[in-house]
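Engineer:
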Amino acid sequence: MISWIDRRTKRVEAPRPSRRAERQSTKKVDIAGFTPELLPYLGQAAYFELGMFENLSRAIAIAPDLAAKEALSAAAGRALSKHQGLVAEIRRRGGEPSEVMAPFTAGLDLFRSETAGADWHELLLTCYLAGGLLDDFFIRLSAGLPGDVGPRVAHLLGQDAGTDVLVTHLKAAITANPALGSHLALWGRRLVGDTLLVARSALPTPGQTPDEDRIEPVYTELIAAHTRRMDGLGLTA
Numbered sequence: 005m006i007s008w009i010d011r012r013t014k015r016v017e018a019p020r021p022s023r024r025a026e027r028q029s030t031k032k033v034d035i036a037g038f039t040p041e042l043l044p045y046l047g048q049a050a051y052f053e054l055g056m057f058e059n060l061s062r063a064i065a066i067a068p069d070l071a072a073k074e075a076l077s078a079a080a081g082r083a084l085s086k087h088q089g090l091v092a093e094i095r096r097r098g099g100e101p102s103e104v105m106a107p108f109t110a111g112l113d114l115f116r117s118e119t120a121g122a123d124w125h126e127l128l129l130t131c132y133l134a135g136g137l138l139d140d141f142f143i144r145l146s147a148g149l150p151g152d153v154g155p156r157v158a159h160l161l162g163q164d165a166g167t168d169v170l171v172t173h174l175k176a177a178i179t180a181n182p183a184l185g186s187h188l189a190l191w192g193r194r195l196v197g198d199t200l201l202v203a204r205s206a207l208p209t210p211g212q213t214p215d216e217d218r219i220e221p222v223y224t225e226l227i228a229a230h231t232r233r234m235d236g237l238g239l240t241a
């Protein structure tokens, strides 16, 4: 279980890649050996996508105008489609989705609560950054799934998430109010630590992984992708 720290008292520290991990990050790291059992993998990924749908639905509810609501509805629909696709995989293997997802609800609910943001723009940034990072991570982990499940899940999670609309609204808001950019840059930097903790929770516990350093280049790749998303918004990671 993840140990969560209230951001008001202490900032959550992201896993810090070593210099060796940074050197290795120029090539893809095979983490198939770290993939959890099939149903736990599907359960955590499915509940995460359901949480993304809930976050985007909340963003629709508090959007400032009808045009924004309509635009965000497509992104919410795609998150729900990913969730439903993962649920179908669970059922295909005889699992009950609610039971398979249940072990991950407390941790992911707390993650969503801690990263919901104080306003619409923070929530949009959470959906964009956390959603992108964890989709990337679950795609990487899918390489270790048995049979044809891995490619099928990777294709599902790799589909267009419809997040261009999030980028459009965030860029417009930052252009109109440069001070907002500084605020969101700080929020984005705080998000990465919490999000990487969710990624780490999907992996075996340290006692089951004798070579924890093998995972460090993966963190480096995820952080690099996070930085590119921040840069694309004109924010300093």
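Quick note, the numbering used here runs 4 ahead of the 1-based positions in the sequence shown.
Beta carbons are placed, not taken as given, at the ideal position from N, Cα and C, and that holds for glycine.
Could you tell me the alpha carbon to alpha carbon distance between L46 and A229, rounded to whole angstroms?
Structural biologist: 23 Å
Engineer: Counting only the same chain and skipping the five closest in sequence on each side, list residues whose C-beta sits under 6 Å from that of L54.
Structural biologist: H87
Engineer: Would you please state the rounded distance, in angstroms, between the beta carbons of G185 and A165? I believe it to be under 8 Å.
Structural biologist: Going by Cβ atoms, the distance from G185 to A165 rounds to 23 Å, so no, they are not a contact pair.
Engineer: Roughly how many angstroms lie between the CA atoms of T39 and L145, to the nearest whole one?
Structural biologist: 5 Å
Engineer: Go through the stretch 97–171 residue by residue and report every complete run of the alpha helix (DSSP H) that reaches 4 residues or more, in order.
Structural biologist: 101–105, 109–118, 124–145, 153–161
Engineer: Quick one: Cα of T172 to Cα of E103, how far?
Structural biologist: 38 Å
Engineer: So what's N181 in DSSP terms, helix, strand or just coil?
Structural biologist: coil
Engineer: Work out the CA separation of L170 and L190 for me, nearest whole Å.
Structural biologist: 18 Å
Engineer: Go ahead and pull the three-state DSSP assignment for A206.
Structural biologist: coil
Engineer: Could you tell me the alpha carbon to alpha carbon distance between E126 and A158, rounded to whole angstroms?
Structural biologist: 28 Å
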